[in-house]
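For reference, the structure is listed below as structure tokens.
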Amino acid sequence: MRTFPDGFLLGAATAAHQVEGGNVGSNWWVHEHDPALAAAWGIVEPSGDAADSYHRYREDIALLAGLGLNSYRFSVEWARVEPERGSFSRAAVDHYRRMVDTCREFGVEPVVTLLHFTVPRWFERDGFWRADDAADRFGRYVEAALPVVRDVEWVCTVNEPNIAAMLAGGEDASNLVAHGLPNPDLHVADQLLAAHRRARDVLSQVPGVKSGWTVATQAFTSTGEPGADERLAEYGHPRDDWYLEAAKGDDFLGVQAYTRTFVGPGGPLPVREDVETTLTGWEFYPAAAADGLRSAWELTGGVPLLVTENGIATADDTRRVAYTRAALEGVHDCLAEGIDVRGYLHWSLLDNYEWASGYRPTFGLVSWDRETFARTPKPSARWYGGVARAGALP
Ligand code: NOJ
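For any residue, its number in this note's numbering is found by taking its place in the sequence shown, counting from 1, and adding 115.
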């Protein structure tokens, strides 16, 4: 029996655009509905109503709590809070505040993300992250969102800035890991870091808040061939390590890990044909979480860590249990090594809109009906709920 420490978060995560539905003010809605942009991004279907979690969040939080999970990571949608430049929606802020209150009502610890990839249409129109005032605009939005997080302990500023900077590079990014990662736009990377720091500054007004960004750790692994280690360092640093190092001194760092990528002397290699893959084409590699924690711990010099995402897209729910069990064993090993891990948030609570790949890759512990929106917990949800309830892996 592997027991997790008292207060350890064992929960699940979602993000607004991927589950709420009707996120019409966001740049991704624009991409989904503009034929040229949809083709350029390789978007297979629009998000539409998604899981209608914007209206059904109470049911979702109650379900999560009923399963036994103790924490819920969700995101605030900037496009709803600031639908036009400088016009803020009190109703949207109230909505997300009610989500925090609902978490508390059900004894669930809220983990709130302020930016999960999507930005308002007007922000993209006005220059996106390349605009000179981008960090400033983000800071104003965070100020407007302060009532949502006024008593929240865990606040994630920017989700996967490393992936966002790679997406901003404009190369084909329809399946990031399977095709190798595009070159990051280093100016956007700097702007995202400025936005993160600006947000941390604004959040420092809230007593007790812990803020940090969440980084996609890629578990880049050298093939060991001559030249591979050098290529790995060159390839991995601007895609991964730079973001971990930048979190030095933050209150925490979120680690988001799914798979690994081998790097040889010629660069990243496609997933091998003889390994088990998931619905996103990624190698089934549950040790990714522990690998990410170890490198985050080392590169930050000991910043407290949260696994803010880890999971698997599969239609075979028994593989979700196997993956999650092995990932949690790895997290437990990290705790035993003295790494300060505060929690694990499984991606995802619900089957979700997986960006360009649409609804086919199912990451959820819970499925839902596309017409009635009725939720059905999968066996993995019951299994993981049991782990969370016991605070231990049997
Ligand atoms: C990372 C992203 O934050 C999330 O939006 C995505 O759905 C999952 N990984 C799975 O790809």
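Don't be surprised by glycine CBs; every beta carbon is placed ideally from N, CA and C.
It should be emphasised that the depicted structure is a prediction, and the values quoted were computed from it without experimental measurement.
Is the distance from the Cβ of residue i to the Cβ of residue j below 8 angstroms?
i      : j      : result
Ala260 : Leu229 : yes
Arg490 : Trp498 : no
Ala503 : Ala442 : no
Tyr187 : Gly284 : no
Cys271 : Thr423 : yes
Leu508 : Arg440 : yes
Asn425 : Trp462 : yes
Asp432 : Pro494 : yes
Pro299 : Asn277 : yes
Ala314 : Gly254 : yes
Arg245 : His210 : no
Val330 : Val257 : no
Leaving out five residues before and five after residue i in sequence, what residues of the same chain have Cβ atoms less than 7 angstroms from its Cβ?
i      : result
Gly137 : Asp164 and Tyr169
Val418 : Ala362, Lys363, Asp365, Phe367 and Leu368
Phe221 : Ile176, Ala177 and Ala180
Arg475 : Leu394
Cys449 : Ala405, Leu408, Arg409 and Val456
Phe203 : Val196, Glu197 and Ala259
Within its chain, find whatever has a CB closer than 8 angstroms to the CB of residue i; leave out the 5 residues flanking it on each side and keep chain order.
i      : result
Gly351 : Gln333, Phe335 and Val378
Glu268 : Glu224, Gly323, Val324 and Lys325
Ala249 : Phe238, Gly242, Phe243, Gln306, Ala309 and Ala310
Thr477 : Leu394, Ala428, Thr429, Ala430 and Asp466
State the Cα-Cα distance for the pair residue i and residue j, rounded to the nearest angstrom.
i      : j      : result
Asp355 : Phe189 : 23 angstroms
Arg434 : Gly201 : 46 angstroms
Ser337 : Asp365 : 29 angstroms
Pro262 : Asp216 : 11 angstroms
Ala430 : Tyr400 : 16 angstroms
His132 : Ser162 : 8 angstroms
Val321 : Arg265 : 6 angstroms
Tyr468 : Arg387 : 27 angstroms
Ala130 : Thr376 : 25 angstroms
Leu464 : Glu340 : 40 angstroms
Gly295 : Ala279 : 15 angstroms
Asn185 : Glu345 : 42 angstroms
Glu199 : Tyr172 : 25 angstroms
Leu384 : Ala348 : 15 angstroms
Arg485 : Asp247 : 41 angstroms
Might you give, ordered along the chain, the residues of its own chain that have their beta carbon closer than 6 angstroms to the beta carbon of residue i, omitting 5 neighbours on each side?
i      : result
Gly445 : Ala402, Ala404 and Ala405
Trp144 : Asn138
Val370 : Thr332, Gly407, Leu408, Ala411, Leu420 and Val422
Taking three-plus beta-carbon pairs below 8 angstroms as touching, is the stretch 229–239 in contact with the stretch 177–197?
They touch, by the three-pair rule.
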